[in-house]
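Visitor: Below are the structure tokens for one structure; questions will follow.
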Amino acid sequence: MTPARAWFFSFVAVLTLALAAAFPGSAFAQARTPNAGKAPEVRVYLLRGLANIFSFGMDDLATKLKARGIKASVHPYTDWQTLSTMAIEDATKGKRRATPVIIIGHSLGADAAIYMGNKVAGAGVPVPLVVTFDPVSNVTSDGRITRVLNYYQTGGAGKRVAGPRVENVDLAGKGLTHFNMEKASDLHQHVIALIEQPARRAPRRPRPIAPPAAPVASPGAPAGNVAPTASATLAPSATETAAAPSAGAVSPAVMRAPN
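Heads up: the sequence shown is residues -29 to -1, 1 to 230, going by mature numbering (1 follows the signal peptide of the UniProt record, and there is no 0).
Written out as structure tokens, the structure reads:
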């Protein structure tokens, strides 16, 4: 590359960085940070309730998720078994790691969301979140779903969800009913925030600490000038033990391998 071409490309690179800093929301900044604002790698299924003519808050929530680049689709609650099989296949086919599946439902669709979550998680597909709006049956998460968030109302049509890692949120007195709960925009915002939370990485296991290296005597130095290592001090050899009669009363220390 000629000096002139090298100078030109250097100038373009500096100019691009300067524009990205001056206009953080511009195309320059997006090109510089391609992963900024990247949608989470999840697949969201939303289930409507009775007769598939109510629960249109599920459609509204799906639209909001799609606007953020999250794959989401709405289905009748009666399809949950077929949908479970399809979700498992889509999450695992041709992939080293299964795509996480999130399920959201209202009313009878909330019941089906728990059933579907249990089945999908039971197949080994990660289900980090199931959100239920006013389930109408006594349903139980079997513990393989990472988190269940259940919105319901005491004294209303909805029920609490049983099982481990379940959060039951009572919306009694909030001005909501069974027929409009799933349409509440503030609840939508909270659910979207949960879906967009970055996955927490498991902490790395600490590396084992290597034992200190034995010092090497310089050529010609007398052997007595070399300090014994920690292992030599703590664990005398069988020959040394046999040579010293008093050593038989002392158990030699054992050096354990670091965990």
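Positions of the beta carbon are idealized from the N, C-alpha and C atoms, including for glycine.
Can you confirm whether the stretch 25 to 41 touches the stretch 50 to 67 when touching is taken to mean that 3 or more C-beta pairs between the two stretches lie within less than 8 Å?
Guide: Output reads no: the stretch 25 to 41 does not touch the stretch 50 to 67.
Visitor: Which two residues bound the contiguous alpha helix (DSSP H) that contains ALA81?
Guide: Per DSSP, ALA81 belongs to the alpha helix (DSSP H) from 79 to 93.
Visitor: Can you give, in chain order, each stretch of the alpha helix (DSSP H) that sits fully within the stretch 128 to 153 and has at least 4 residues?
Guide: Fully enclosed alpha helix (DSSP H) runs of 4 or longer: not present.
Visitor: Counting along the chain, where does the beta strand (DSSP E) carrying LYS42 start and finish?
Guide: 42 to 47 is the extent of the beta strand (DSSP E) around LYS42.
Visitor: I'd like the span of the beta strand (DSSP E) that includes LEU120, first residue to last.
Guide: LEU120 -> beta strand (DSSP E) spans 119 to 123.
Visitor: In this structure, how does DSSP classify ILE116 when only helix, strand and coil are distinguished?
Guide: Three-state result, ILE116: coil.
Visitor: Since ASP105 contacts ALA133 with CB under 8 Å, what's their CB separation in whole angstroms?
Guide: The Cβ separation is near 15 Å, so there is no contact.
Visitor: In this structure, does DSSP put ILE75 in helix, strand or coil?
Guide: Looking at ILE75 - three-state DSSP - the assignment turns out to be strand.
Visitor: Can you look up VAL110 in the DSSP assignment and give me helix, strand or coil?
Guide: Of the three classes helix, strand and coil, the one that applies to VAL110 here is coil, per DSSP.
Visitor: Within the continuous alpha helix (DSSP H) that includes LEU36, where are the two ends?
Guide: It spans 28 to 38 - the alpha helix (DSSP H) in which LEU36 sits, taken as one unbroken run.
Visitor: Kindly indicate which three-state DSSP category VAL162 falls into: helix, strand or coil?
Guide: DSSP places VAL162 in helix when its eight states are reduced to three.
Visitor: Between the C-alpha atoms of GLY146 and GLY127, what's the straight-line distance to the nearest angstrom?
Guide: Each residue's Cα considered, the two are about 12 Å apart.
Visitor: What's the call for GLN168, buried or exposed, on a 16-neighbour Cβ count within 10 Å?
Guide: Result: exposed.
Visitor: Who are the near neighbours of THR49 in its chain, counting only those whose CB is closer than 7 Å to its CB and skipping five residues on each side?
Guide: Excluding sequence neighbours, THR49 sits near nothing in its chain.
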